[in-house]
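**Q** One structure is given below, represented as structure tokens, and several questions about it will come after.
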Amino acid sequence: MTHQHHSITAVPDLNDRYDLYGAVHKGLRKAGCDLLVRLGATDFDDAAETEEVLGLLRTYLMLAAAHVGHEDDHIHSALAARGVATDTVDHQHDDHREAFEDLEKLARGVETSWPMHRRANGRRLYLAFAAYLAEDLGHMHEEETVTAPALWRQFTDEELLAIELRIVSSLSPEKNMAFMRIMIPAMNPQERAAMLGAMQKGAPPEVFDAVIEFAVRPALNARAFGDLAGRLQIAA
Numbered sequence: 001m002t003h004q005h006h007s008i009t010a011v012p013d014l015n016d017r018y019d020l021y022g023a024v025h026k027g028l029r030k031a032g033c034d035l036l037v038r039l040g041a042t043d044f045d046d047a048a049e050t051e052e053v054l055g056l057l058r059t060y061l062m063l064a065a066a067h068v069g070h071e072d073d074h075i076h077s078a079l080a081a082r083g084v085a086t087d088t089v090d091h092q093h094d095d096h097r098e099a100f101e102d103l104e105k106l107a108r109g110v111e112t113s114w115p116m117h118r119r120a121n122g123r124r125l126y127l128a129f130a131a132y133l134a135e136d137l138g139h140m141h142e143e144e145t146v147t148a149p150a151l152w153r154q155f156t157d158e159e160l161l162a163i164e165l166r167i168v169s170s171l172s173p174e175k176n177m178a179f180m181r182i183m184i185p186a187m188n189p190q191e192r193a194a195m196l197g198a199m200q201k202g203a204p205p206e207v208f209d210a211v212i213e214f215a216v217r218p219a220l221n222a223r224a225f226g227d228l229a230g231r232l233q234i235a236a
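Residue numbers (the UniProt record's numbering): 1 to 236.
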């Protein structure tokens, strides 16, 4: 799969194909944009506020790094096995890993700096994260407009779902829950109901209930949760 520059409006329709990237990318976009706003608004002279935003940053970096690894191990390897090159997105993933290390160093710099330097170091972290996020947004666009069609050409929807299930089964319960927390509020009502409806049918009841109570309900406002509850026929 070689990269060719194309218009940002050249977005292929799903045409009822399985959207392997959609939900997790929506979650990462929302989490990244929310975090960028938080970093820009943080009072780095306030120790508690600084500790909180750096905790959010580290959670985001953990999820982003895990996502990159999942794509390498399960998606790119599957394409390679069918003779499809993924050089462009592979190189972008290498850049991401370097950025994760750089952002962690900047976060530690904020934590360890003298008080008179903390605001400047916080600004440095904010701008560096903004630059990373801009690159990641472009990268995810590449995957959804170039890599996804390559997947549709090579794999059936059942095979794509099997790839996704292998990714999900590789996650710890804690990491699974963390991904759900960023994905659910980023999805539209139909997507939300489809994902959770499948879980309602296929997962043990205690697992489904835990996801609803600890990932879904806290992430949605009353109206959105009420809509979802009606679609799933669960208590609001």
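Idealized CB from N, CA, C, for every residue including glycine.
On a predicted model such as this, the values are computed, not experimentally measured, just so you know.
Helix, strand or coil for GLY55? Go by DSSP, reduced to three states.
**A** Correct three-state label for GLY55: helix.
**Q** Classify LEU228 as buried or exposed, calling it buried when 16 or more other Cβ atoms lie within 10 Å of its own Cβ.
**A** Buried: at least 16 other Cβ atoms inside 10 Å.
**Q** Any idea what DSSP makes of LEU165, helix, strand or coil?
**A** Reduced to three states, the DSSP call for LEU165 is helix.
**Q** Among the residues of its own chain, which have a CB less than 6 Å from the CB of HIS70, if the five just before and after it don't count?
**A** Here the set comprises ILE167.
**Q** Please list, in chain order, all residues of the same chain as MET1 whose beta carbon is under 6 Å from its beta carbon, the five residues on each side excluded.
**A** The predicted model places MET1 with a pLDDT of 47, which falls under 50 and marks its position as unreliable, so this point remains unresolved.
**Q** Quick check on HIS91: buried or exposed, where buried means 16 or more other Cβ atoms within 10 Å of its Cβ?
**A** Burial call: exposed.
**Q** Hey, is the stretch 63-80 in contact with the stretch 37-48, meaning 3+ C-beta pairs nearer than 8 Å?
**A** Result no; under three Cβ-Cβ pairs closer than 8 Å.
**Q** Go to GLU101, then tell me how far its alpha helix (DSSP H) extends in each direction, as first and last residue.
**A** 87-112 is the span of the alpha helix (DSSP H), which, as asked, contains GLU101.
**Q** Are the CB atoms of residue 257 and LEU103 nearer to each other than 8 Å?
**A** Lying outside 1 to 236, the shown extent of the chain, residue 257 is not represented and no answer is given.
**Q** So, does the stretch 116-133 touch the stretch 9-21, judging by three or more C-beta pairs under 8 Å?
**A** Result no; under three Cβ-Cβ pairs closer than 8 Å.
**Q** Per DSSP, what kind of secondary structure is PHE214 in: helix, strand or coil?
**A** In the structure shown, PHE214 sits in a helix (DSSP, three-state: H, G or I).
**Q** Of all the options HIS67, PHE214, ALA215, which has the alpha carbon lying nearest to the alpha carbon of LEU171?
**A** Of HIS67, PHE214, ALA215, the residue nearest in Cα terms is HIS67.
**Q** If you compare alpha carbons, which of ASN188, LEU165, THR147, VAL53 is closest to LEU125?
**A** Closest option to LEU125, Cα to Cα, is VAL53.
**Q** Using 8 Å as the Cβ pair cut-off and three pairs as the minimum, do the stretch 198-209 and the stretch 27-35 touch?
**A** In short, these stretches do not touch, since the Cβ pair count stays below three.
**Q** Measure the Cβ-Cβ separation of ALA131 and LEU106 and say whether it is below 8 Å.
**A** No, they are not a contact pair.
**Q** Between ILE182 and VAL89, what straight-line distance do the alpha-carbon atoms span, to the nearest angstrom?
**A** Their Cα atoms are separated by approximately 23 Å.
**Q** With 16 other CB atoms within 10 Å as the buried threshold, where does GLY226 fall?
**A** So GLY226 ends up on the exposed side.
**Q** Consult DSSP for SER176 and reduce its assignment to one of helix, strand or coil.
**A** Sequence check: residue 176 is Asn here, not Ser. ASN176 falls in the helix class under three-state DSSP.
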